[in-house]
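Protein chains in written order, with the numbering used here: chain C, 47 to 153; chain Y, 15 to 129.
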Amino acid sequence: KNEVEQSPQNLTAQEGEFITINCSYSVGISALHWLQQHPGGGIVSLFMLSSGKKKHGRLIATINIQEKHSSLHITASHPRDSAVYICAVRGAQKLVFGQGTRLTINP
Amino acid sequence: DGGITQSPKYLFRKEGQNVTLSCEQNLNHDAMYWYRQDPGQGLRLIYYSQIVNDFQKGDIAEGYSVSREKKESFPLTVTSAQKNPTAFYLCASSAQDSFFQETQYFGPGTRLLVL
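Pasting the structure below:
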C-alpha cells in the first residue's frame, strides 16, 4: 500500500461543477502540499497546510490530521482547471508524493 | 523574472552514454532538488542539496550524479549505470533547507528518452 493515496485517479466533469479530490496518507506528517501539474509538465505549488483549511480564489484545501486525510475542492470549475493535481506529504525528512489525479473539465 | 529553468526540454540518450540535465534558478534559494516522474507514479527524489558544495542522496540515487558548485546551478548527470533512464525529470528549489517544509518551486522539466 502506498503511503499516499489519491482518489479518484481520473475525473471528468462539466464546466461549473464542484470538484473534490481526496488524499489519504498512512504516515505521520508535519505538512501536506497540493500541487498542480499542467499538460506541458510544469508544476505549481498550490497549498501547503498542516491544519484546518486554506482558500485561494476558487480553490480550497482542507486537512484532518486525526483522520490522515486532505481534500482539494474547486468551485465553479473551468476548462483551464484541467490538469493533474498531486498531493505530497512531508514525512520523515522527505516528501512523499501521491500518483496524482487527472482532472478534465469539459466546456 | 525570477524562476527555475531546465534545459533541454527533450534529451535523447544512446546506450552507454552519460547525459547532463541543466537546472538553474535565480530565486536566491539555498535548497535544490531533482525528482523523477514515471507514468502512473508519484514523483521520486533523486538528489537534493541544502547548500553549495553539499548534496544528499534521495530515494533513487543509483545511476545518477550531481554537483552544486554554485548556488544557482544544480546539474544532474544520468550515467550509463542507470538502466532505465526514460522519464520526466523535474528540478525544484526552496528558500530554506528545512527539509521540505518550505514551498518548492519547480522547473518546466526535461523529458529524457533512450534511443
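Positions of the beta carbon are idealized from the N, C-alpha and C atoms, including for glycine.
Chain C has no Cβ within less than 8 Å of the Cβ of Y:G17. The Cβ-Cβ distance between C:Q83 and C:V130 falls below 8 Å. Close CB contacts of C:K100 within its chain, under the 6 Å cut and outside five residues either way in sequence, are with F93, A107 (chain order). At a beta-carbon threshold of 8 Å, the residues of chain C lying near Y:Y119 are S91, ordered along the chain. Going by beta carbons, Y:S94 and Y:Q51 fall outside the 8 Å limit. Within the same chain, Cβ atoms closer than 7 Å to the Cβ of C:S116 are found at C69, L78, A107, T108, I109, C133, the five residues on either side in sequence being excluded.
Shortest Cα-Cα distance from Y:P53 to any of C:I151, C:P153, C:S123, C:G146 involves C:G146. For the options Y:Y62, Y:P122, Y:T117, Y:N98, the alpha carbon positioned closest to that of Y:K85 is the one of Y:Y62.
Unbroken beta strand (DSSP E) runs of no fewer than 3 residues, entirely contained in the segment 63-109 of chain C, are found at 65-71, 77-83, 89-95, 98-102, following chain order.
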